[in-house]
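Numbered continuously in the numbering used here, the sequence shown closes out at residue 258.
Even for Gly, the Cβ is constructed at its ideal location relative to N, Cα and C.
In this text, all values refer to a predicted model and were calculated from it rather than measured experimentally.
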Amino acid sequence: MKIQSSQFVITGANRGIGQAVAKMAAVSGAHLHLVARSWSEGVRSSLTQLGAASVELYQADLATKEGAAQLAQQLSSVEVDVLFNNAGLLTGGLLEQQSLDEIYAMFQVNLNALVHLTHALLPGMIQRKKGKIINNSSVSAFMHFPCASTYAASKAAVVAFTDCLEAELAGTGVSTLCLVTPGIKTRMFDEIEVKYAKNFEIPKDSISAEDYAEKIRVAIEGDWKYYWPKGTTALGLWTARYLNPVFRSAVQKRFRR
Ligand SMILES: NC(=O)c1ccc[n+]([C@@H]2O[C@H](COP(=O)([O-])OP(=O)(O)OC[C@H]3O[C@@H](n4cnc5c(N)ncnc54)[C@H](OP(=O)(O)O)[C@@H]3O)[C@@H](O)[C@H]2O)c1
Numbered sequence: 002m003k004i005q006s007s008q009f010v011i012t013g014a015n016r017g018i019g020q021a022v023a024k025m026a027a028v029s030g031a032h033l034h035l036v037a038r039s040w041s042e043g044v045r046s047s048l049t050q051l052g053a054a055s056v057e058l059y060q061a062d063l064a065t066k067e068g069a070a071q072l073a074q075q076l077s078s079v080e081v082d083v084l085f086n087n088a089g090l091l092t093g094g095l096l097e098q099q100s101l102d103e104i105y106a107m108f109q110v111n112l113n114a115l116v117h118l119t120h121a122l123l124p125g126m127i128q129r130k131k132g133k134i135i136n137n138s139s140v141s142a143f144m145h146f147p148c149a150s151t152y153a154a155s156k157a158a159v160v161a162f163t164d165c166l167e168a169e170l171a172g173t174g175v176s177t178l179c180l181v182t183p184g185i186k187t188r189m190f191d192e193i194e195v196k197y198a199k200n201f202e203i204p205k206d207s208i209s210a211e212d213y214a215e216k217i218r219v220a221i222e223g224d225w226k227y228y229w230p231k232g233t234t235a236l237g238l239w240t241a242r243y244l245n246p247v248f249r250s251a252v253q254k255r256f257r258r
């Protein structure tokens, strides 16, 4: 799919991966519809200078059903070509020590809002016979580390949701892209250390959000169904999926209660 001139919606676009993808799409000449809870001055003009065809900023709290519904309503007049469900929250630590309120908010942002926005924007895409839903999952969907129980469950659900949708959308002109995102140096990446460090020594490989946005551009333009990481992370993913006892034993050695 061509990014130039597309109507491109990105949730969680004020920092991290979402911001880097917004810049990448701006350079490619997209019409940007960017979502976050708050915006700083100058975002619109800097993205326009990079080449964005237009920039609309939306304020929405996706941790509530009302927030997702309000955003869906605001986007209902836009003929969306690309929906990048990227906004996310991290939970972590021993399950009994995680806050239930934080767990509920995380599932709401990572999963329910993603489903809600897809549900709202998909009919228009099907009618126009074009569009792409990009869902930001994680290596955690496949690599089941201790301290990641609730977050990993949300990301595994995103994979299942995207796979089922891909099958439903065959022949409609609408496609999906599931990002199996590895470590990306963002605020969330720094939070991982804080939330896990007491009980689990998490692998610390990461790449920059800008480098990742470039990989996402290639995946969009090449109409890939999945983005899978390469290198050491790919080896870890392969071991987790196909040599699970070896993966589990390596993980257990890094864990202490
Ligand atoms: N970084 C990694 O290593 C990594 C690895 C695998 C997957 N991922 C996934 O990649 C996505 C982006 O993460 P990131 O690393 O770029 O993290 P980040 O820098 O912390 O950015 C998270 C984004 O989500 C938005 N968000 C959070 N809560 C929200 C809410 N209630 N309503 C609306 N927006 C909300 C934030 O905007 P506000 O200003 O509104 O909070 C922010 O724009 C997430 O889905 C994450 O799970 C990241």
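Going by alpha carbons, who is nearest to Leu180 out of Met144, Ser138, Asp191 and Arg218?
That would be Ser138, whose Cα lies nearest to the Cα of Leu180.
Is any non-hydrogen atom of ligand 1 found closer than 8 Å to the C-beta of Val140, if you look at the structure I gave you?
For Val140, the Cβ falls inside the 8 Å cut-off from some heavy atom of ligand 1.
Should Glu192 be counted as a contact of ligand 1 given a C-beta to heavy atom distance under 8 Å?
Within the cutoff, so yes.
Any beta carbon of chain B sitting closer than 9 Å to that of Glu67?
Checking the listed chains, one finds no chain B in this structure; it contains a single protein chain.
Nonlocal neighbours in the same chain, by C-beta distance under 6 Å from Thr119, ignoring five residues either side:
Cβ neighbours of Thr119 beyond the five flanking positions: Ile134.
Quick check on Asp82: buried or exposed, where buried means 16 or more other Cβ atoms within 10 Å of its Cβ?
Buried, since its Cβ has 16 or more Cβ neighbours within 10 Å.
Under 8 Å from any heavy atom of ligand 1, does the C-beta of Val36 make it?
Proximity of the beta carbon of Val36 to ligand 1 is indicated: a heavy atom of the ligand is located closer than 8 Å.
Tell me the DSSP bridge mates of Asn59?
Contrary to the premise, residue 59 reads as Tyr rather than Asn in this sequence. Paired residue(s): Val36.
Below 8 Å, how does it come out for the region 165-178 and the region 202-213: are there three or more Cβ pairs, yes or no?
No, the region 165-178 is not in contact with the region 202-213.
If we ignore side chains and look at the alpha-carbon of each, how far apart do Ser155 and Ala114 end up?
Each residue's alpha carbon lies about 12 Å from the other.
Val219 (DSSP reduced to helix, strand or coil)
Residue state, collapsed to three classes: helix.
Leaving out five residues on either side along the sequence, give the residues of the same chain with a beta carbon under 6 Å from the beta carbon of Phe9.
Closer than 6 Å at the Cβ level, and outside the excluded window around Phe9, lie Ala26, Ala31, Leu33 and Val83.
Do you know how far the Cα of Tyr105 is from the Cα of Gly94?
Their backbone Cα atoms lie some 15 Å apart in a straight line.
I need the DSSP call for Lys199, collapsed to helix, strand or coil.
Three-state result, Lys199: coil.
Looking at Gly17 and ligand 1, is the gap between the Cβ and the nearest heavy atom below 8 Å?
Gly17 has its Cβ nearer than 8 Å to a heavy atom of ligand 1.
With DSSP collapsed to three states, give me the class of Phe256.
Three-state result, Phe256: strand.
Out of Val116, Lys131 and Thr182, which one is the CA nearest neighbour of Leu166?
Considering only alpha carbons, the answer is Val116.
Where does Val10 sit, in a helix, a strand or coil, going by DSSP?
In the three-state DSSP reduction, Val10 falls in the strand class (E or B).
Is Asn200 near ligand 1, in the sense that its beta carbon is under 8 Å from a heavy atom of that ligand?
At a cut-off of 8 Å, the beta-carbon of Asn200 does not count as near ligand 1: no heavy atom of the ligand is closer than that.
Cβ neighbours of Leu96 in the same chain (closer than 8 Å, five flanking residues each side left out)
Result list for Leu96: Ser150 and Thr151, in chain order.
Specify the secondary structure class of Val175 as computed by DSSP and reduced to three states.
The answer is strand: DSSP assigns Val175 an E or B state.
Can you find the residues in the same chain that come closer than 6 Å, C-beta to C-beta, to Pro230, ignoring five residues on each side of it along the sequence?
Its chain contains Pro183 as the residues whose beta carbon lies nearer than 6 Å to that of Pro230, once the 5 sequence neighbours on both sides are disregarded; these appear in chain order.
Kindly indicate which three-state DSSP category Asn86 falls into: helix, strand or coil?
Looking at Asn86 - three-state DSSP - the assignment turns out to be strand.
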